[in-house]
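Chemist: First, the structure itself, so that you have it in front of you.
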Amino acid sequence: MPRLPDIAPFKLRRDELDARMASPEFYANPKVAAEVTREHQKLCALLDDYAALEKVDREIADAEGIACEGSGTDAEMRELAAAELPGLRERREALGRAVMGAMLPPEPSDSRDTILEIRAGTGGEEAALFAAELARAYQRYAEGRGWTFEALGTSLSERGGFREASFAIKGRDVYRQMKFESGVHRVQRVPETEAAGRVHTSTVTVAVLPEAGEVDVKIDPQELEITVQRASGPGGQGVNTTDSAVRIVHKPTGLTVYCADGRSQQKNKASALAVLRARLLQRKEEEERAHYAAERRGQIGTGDRSERVRTYNFPQNRLTDHRIGLTLHNLPRVMEGGFDEVMEALQRDAMEKRLGQLTIGN
Numbered sequence: 062m063p064r065l066p067d068i069a070p071f072k073l074r075r076d077e078l079d080a081r082m083a084s085p086e087f088y089a090n091p092k093v094a095a096e097v098t099r100e101h102q103k104l105c106a107l108l109d110d111y112a113a114l115e116k117v118d119r120e121i122a123d124a125e126g127i128a129c130e131g132s133g134t135d136a137e138m139r140e141l142a143a144a145e146l147p148g149l150r151e152r153r154e155a156l157g158r159a160v161m162g163a164m165l166p167p168e169p170s171d172s173r174d175t176i177l178e179i180r181a182g183t184g185g186e187e188a189a190l191f192a193a194e195l196a197r198a199y200q201r202y203a204e205g206r207g208w209t210f211e212a213l214g215t216s217l218s219e220r221g222g223f224r225e226a227s228f229a230i231k232g233r234d235v236y237r238q239m240k241f242e243s244g245v246h247r248v249q250r251v252p253e254t255e256a257a258g259r260v261h262t263s264t265v266t267v268a269v270l271p272e273a274g275e276v277d278v279k280i281d282p283q284e285l286e287i288t289v290q291r292a293s294g295p296g297g298q299g300v301n302t303t304d305s306a307v308r309i310v311h312k313p314t315g316l317t318v319y320c321a322d323g324r325s326q327q328k329n330k331a332s333a334l335a336v337l338r339a340r341l342l343q344r345k346e347e348e349e350r351a352h353y354a355a356e357r358r359g360q361i362g363t364g365d366r367s368e369r370v371r372t373y374n375f376p377q378n379r380l381t382d383h384r385i386g387l388t389l390h391n392l393p394r395v396m397e398g399g400f401d402e403v404m405e406a407l408q409r410d411a412m413e414k415r416l417g418q419l420t421i422g423n
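First residue of the sequence shown? That's 62 in our numbering, and the numbers climb one at a time after it.
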């Protein structure tokens, strides 16, 4: 465990927020008040854990003193103290990790809303069908957390799957929760069209992009090629009868965005620009990271079967996240939006790695 940073600045910040929240005009701006309240709650939890850690340190010191004392101490007392030490040390380790994790500065994009992009990879129609199922699973997960989940653009396959689709997810700490979903997701199952009952392997690529604002990414309108067209669809009342679909090409990078799910050209244009800004921000951040973290791989790879971050094996009712070696045997629950266990494990792994870097630095 690395040496803990000084707790004094965190106490000072808590006291500053206490005074701010006591002001009569504190709730005049509900959005700011909510942000300050969340920060205050996190600081209070950190300080409570730090106080508990100090208490455990004292208990460990007392128990070690008793256990190591000579014959003047009752033998039964020494045995009891020695028996308490493993549990106390385990609790100290857990509290130390919690405190250090709370002291770590947040990633710059963690609080941002998110653009989620899902594309069928290897596997043809089966990959497209799973892409649609995975999108629905993420939608259920988002709704369960009180987030909003809005389709920005979808390209349907012949059987109703997604060749590609993009969504806007808005809510508290969306990117922080979703960012580790990026990569190649492999599915192994018997397709409905497989008469011989053979298991097929297909892939879907997922990209999770922090939503960028105009301040983050400046786009010169002269560098955009914008075209409008009539949105296509399977028929019925949902098909647009006006030229509302929008296609934007960013000429300097060649990035292309198509949005047609909105009912108006203006809404589709705004959605397409949001996706474009998110992709440009991702590119900018990747270029900056490349200077000092060349070993970090890109988000989604090529979509080849051999590249994967996660496998969904339906015959074995198994989900395996290959990055952390986690295996769960409850696929129906996951496909209903039950991603909590795997996402929490990925969050813990990321924190452990950041703490490990601090340990190396110390």
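For glycine and all other residues, C-beta sits at the position ideal for the given N, C-alpha and C.
Rounded to the nearest angstrom, how far is the Cβ of Ala189 from that of Ser218, given a contact under 8 Å?
Modeler: 4 Å
Chemist: By how many angstroms is the C-alpha of Val289 removed from the C-alpha of Ala339?
Modeler: 21 Å
Chemist: Is there at least one Cβ from chain D nearer than 8 Å to Lys279's Cβ?
Modeler: Absent here is chain D; the protein component of the structure consists of one chain.
Chemist: Could you compute how far the alpha carbon of Pro169 sits from the alpha carbon of Gly222?
Modeler: 34 Å
Chemist: Reducing DSSP to helix, strand and coil, say where Arg180 ends up.
Modeler: Note: Arg180 maps to strand in three-state DSSP.
Chemist: Span of the alpha helix (DSSP H) holding Pro91?
Modeler: Element bounds for Pro91: Pro91 to Cys129.
Chemist: Any idea what DSSP makes of Arg206, helix, strand or coil?
Modeler: Three-state DSSP puts Arg206 in coil, outside helix and strand.
Chemist: My understanding is that Glu282 touches Met164, with C-beta atoms under 8 Å, so please give their C-beta distance in whole angstroms.
Modeler: Before going on, a small fix: residue 282 reads as Pro here, not Glu. So it is not a contact: roughly 43 Å between Cβ atoms.
Chemist: Which first and last residues belong to the alpha helix (DSSP H) in which Arg384 is found?
Modeler: Neither: Arg384 is in no alpha helix (DSSP H) and is coded neither H nor E.
Chemist: Given this structure, state the Cα-to-Cα distance separating Arg324 from Thr215, to the nearest angstrom.
Modeler: 14 Å
Chemist: Tell me, to the nearest whole angstrom, how far the beta carbon of Gln326 is from that of Leu270; I am working on the premise that it is less than 8 Å.
Modeler: Not a contact, Cβ separation roughly 24 Å.
Chemist: Considering Lys231, what are the terminal residues of the beta strand (DSSP E) in which it resides?
Modeler: Phe223 to Lys231
Chemist: Does DSSP put Leu285 in a helix, in a strand, or in coil?
Modeler: Reduced to three states, the DSSP call for Leu285 is strand.
Chemist: Suppose contacts are defined by Cβ-Cβ distances below 8 Å. Is Ser227 in contact with Val248 by that definition?
Modeler: Taking 8 Å as the Cβ cut-off, Ser227 and Val248 do not qualify as a contacting pair.
Chemist: So what does DSSP say about Tyr353, is it helix, strand or coil?
Modeler: Caution is warranted here: a pLDDT of 38 is assigned to Tyr353, below 50, making its placement in the model unreliable, and the coordinate value is therefore given only provisionally. Correct three-state label for Tyr353: coil.
Chemist: Going by alpha carbons, who is nearest to Met404 out of Val278, Arg250 and Val235?
Modeler: Val235
Chemist: Between Lys231 and Thr209, what straight-line distance do the alpha-carbon atoms span, to the nearest angstrom?
Modeler: 5 Å
Chemist: Taking Cβ to Cβ, would you say Ala198 is nearer than 8 Å to Gly398?
Modeler: yes
Chemist: Under the three-state reduction of DSSP, which class applies to Asn329: helix, strand or coil?
Modeler: helix
Chemist: Helix, strand or coil, according to DSSP, for Leu156 in the structure here?
Modeler: helix
Chemist: Taking the alpha-carbon positions, what's the Arg220 to His246 distance?
Modeler: 20 Å
Chemist: Any idea what DSSP makes of Gln408, helix, strand or coil?
Modeler: helix
Chemist: With a 10 Å radius around its C-beta and 16 neighbouring C-beta atoms as the bar for buried, classify Asp82 as buried or exposed.
Modeler: It should be pointed out that residue 82 corresponds to Met in this sequence rather than to Asp. With fewer than 16 other Cβ atoms within 10 Å, it is exposed.
Chemist: So the candidates are Arg119, Val395, Arg394 and Gln408; which of them puts its Cα closest to the Cα of Arg384?
Modeler: Gln408
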